[in-house]
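J.: Below is a structure I'd like to ask you about.
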Amino acid sequence: MVTRKPERPEIEALLEKVRGHTLTEAELRVQKISFVYGNAPMDSQITRESAERAVDRTLISLGQA
Numbered sequence: 009m010v011t012r013k014p015e016r017p018e019i020e021a022l023l024e025k026v027r028g029h030t031l032t033e034a035e036l037r038v039q040k041i042s043f044v045y046g047n048a049p050m051d052s053q054i055t056r057e058s059a060e061r062a063v064d065r066t067l068i069s070l071g072q073a
């Protein structure tokens, strides 16, 4: 059975506001840190700070920092 999608004016307004936005290097760095930290095993010793250091080391080694 196909149903109509619910109306979500708040979400639609937010999407319209950011449509066409290109991430800055700083925003992309924050996204990478969040990805690394969020995908770490729960019982690991990885902290947000260690994820940040790992991302920064990777960016430096790739010549992007």
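Here the sequence shown stands for residues 9 to 73, numbered as in the working numbering.
Glycine included, each C-beta is placed from N, C-alpha and C at the ideal position.
(1) Report the rounded CA-to-CA distance for residue 71 versus residue 26, giving the unit in angstroms.
(2) Who are the Cβ neighbours of residue 41 in its own chain at under 6 Å, not counting the five residues just before and after it?
(3) Can you give me the C-alpha to C-alpha distance between residue 46 and residue 38, rounded to a whole angstrom?
(4) Mapping the DSSP letters down to three states, classify residue 13 as helix, strand or coil.
(5) For the alpha helix (DSSP H) containing residue 51, name the first residue and the last one.
(6) Residue 43: which of 24, 32, 56 sits nearest, CA to CA?
T.: With the given structure in hand:
(1) 29 Å
(2) 59, 60, 63
(3) 12 Å
(4) coil
(5) First-last for residue 51: undefined, no H or E at that position.
(6) 56
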